[in-house]
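Below is one structure, written out as structure tokens; comments come after it.
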Amino acid sequence: MWFRFCLLLLSFSFITNSHAAPKQQVLLLTYHLKAPYVIDWGEQRGLYFDLASYLNHKTDKYQFKTELMPRKRLDVLLAESFVDVVVGIQPAWFKPLADKMLFTAPFLHDKDMFVSDARKPVRDQDLADLTGKTFIGSQGYKYKGIDEIVASGILERVDTLQEDYVLDMLRLGRGDFTIISSSTLSYKFSHGEQARHFYVANTPHDLIQRGFMVSKTDPQLHQFLQQVIQQMPVDQEWQLLLAKYQIQHAMVKP
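Numbering-wise, the sequence shown is residues 23 to 276 according to my numbering.
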């Protein structure tokens, strides 16, 4: 009798599980190929990969996976029906999409900093006149204020394939200054890059509030992400992730 009862329980469990709703697959798309967000694409190392796992721990409805996508390809995708999430961005970068997208509150504070070779520093006062200088940028990136000066012919721009390489270009003398995220600098300086070789201007190029962008067609996904973000400042798991990548200073305060 007991054996038959156990079989009935197992059968019921199997039927229940077999009819469980499948999780909604969601890609976390990023075009930022730079530490600490994407450290090694092949090995899936970096904060954004850990962020997907972190989100998966918070839900039974969604299954998140991080994918790298060049900005130009992402722009094409965003022009069509969009069902995924863009991670690490702020609304100002996607103003033309304001009528079709939802933006979350930020989950990280960041800054874009002006950096130059310490032997030929471009100081704060020098940024007022960039005539004859060469700016090192990242392919596909748009730089507020810099793009306009380049278009005027006053400033020359050379590009690297990704932001991780801009400090190498400075060392090689390929340009006078670059712009790099404070979080990337912190990570690099704590992983062997010699801070004394570079001059970091006091005035940031931009203040970055990194959040998520979601289609207006999926308000429930947006609501879920908002709820997670609200808990992040007091969530030890999230705090440990930031410490892992030496960017505790970027944490949004409660």
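All residues carry an ideal CB built from backbone N, CA and C; glycine is no exception.
So for Tyr84, helix, strand or coil by DSSP?
In the sequence shown, residue 84 corresponds to position 62, counting from 1. Tyr84: strand per DSSP, three-state reduction.
Residues in its own chain within less than 7 Å of Glu215 by CB, not counting five upstream and five downstream?
Within the sequence shown, the letter at position 193 stands for residue 215. The residues are Leu189.
Opposite Lys133 in the DSSP bridges: which residues?
Locating residue 133 in the sequence shown gives position 111, where the first residue counts as 1. Answer is Leu229, bridged to Lys133.
Can you round the beta-carbon distance between Leu50 and Thr88 to whole angstroms, since I take them to be within the 8 Å contact cut?
Residue mapping note: residue 50 aligns to position 28 of the sequence shown, counting from 1. Residue mapping note: residue 88 aligns to position 66 of the sequence shown, counting from 1. Going by Cβ atoms, the distance from Leu50 to Thr88 rounds to 5 Å, so yes, they are a contact pair.
So, using beta-carbon positions, are Thr182 and Ile158 closer together than 8 Å?
Here residue 182 refers to the residue found at position 160 when the sequence shown is read from its first residue. Here residue 158 refers to the residue found at position 136 when the sequence shown is read from its first residue. Their beta carbons are under 8 Å apart, which means Thr182 touches Ile158 by this criterion.
Going by alpha carbons, who is nearest to Leu229 out of Gly64, Val108 and Phe136?
Sequence index remark: in the sequence shown, residue 229 carries index 207 (1-based). Per the Cα distances, Phe136.
Considering Cα atoms alone, identify which of His271, Val274, Lys275 and Ala265 is closest to Leu69.
Here residue 69 refers to the residue found at position 47 when the sequence shown is read from its first residue. Minimum Cα distance to Leu69 is reached at Ala265.
Determine the closest residue to His54 out of Phe104, Val144 and Ser160, with distance taken between C-alpha atoms.
Taking the sequence shown and counting its residues from 1, the one referred to as residue 54 is at position 32. Per the Cα distances, Ser160.
Count the other CB atoms within 10 Å of the CB of Leu194; is the residue buried (16 or more) or exposed (fewer)?
The residue labelled residue 194 in the question sits at position 172 within the sequence shown. Exposed, since its Cβ has fewer than 16 Cβ neighbours within 10 Å.
Would a C-beta distance cut-off of 8 Å place Val236 and His244 closer than the cut-off?
Working through the sequence shown from its first residue, we reach residue 236 at position 214. Working through the sequence shown from its first residue, we reach residue 244 at position 222. Taking 8 Å as the Cβ cut-off, Val236 and His244 qualify as a contacting pair.
Please state whether DSSP places Tyr70 in a helix, a strand or coil.
Taking the sequence shown and counting its residues from 1, the one referred to as residue 70 is at position 48. In this structure, Tyr70 counts as helix in the three-state DSSP scheme.
With C-beta atoms as the reference, is Pro128 less than 8 Å away from Ala120?
Along the sequence shown, read from residue 1 onward, the residue named residue 128 stands at position 106. Along the sequence shown, read from residue 1 onward, the residue named residue 120 stands at position 98. Contact flag unset, no.
How long is the line joining the alpha carbons of Leu96 and Gln184, rounded to whole angstroms?
Mapped onto the sequence shown, residue 96 falls at position 74. Mapped onto the sequence shown, residue 184 falls at position 162. Rounded to whole angstroms, Leu96 to Gln184 spans 16 Å at the Cα level.
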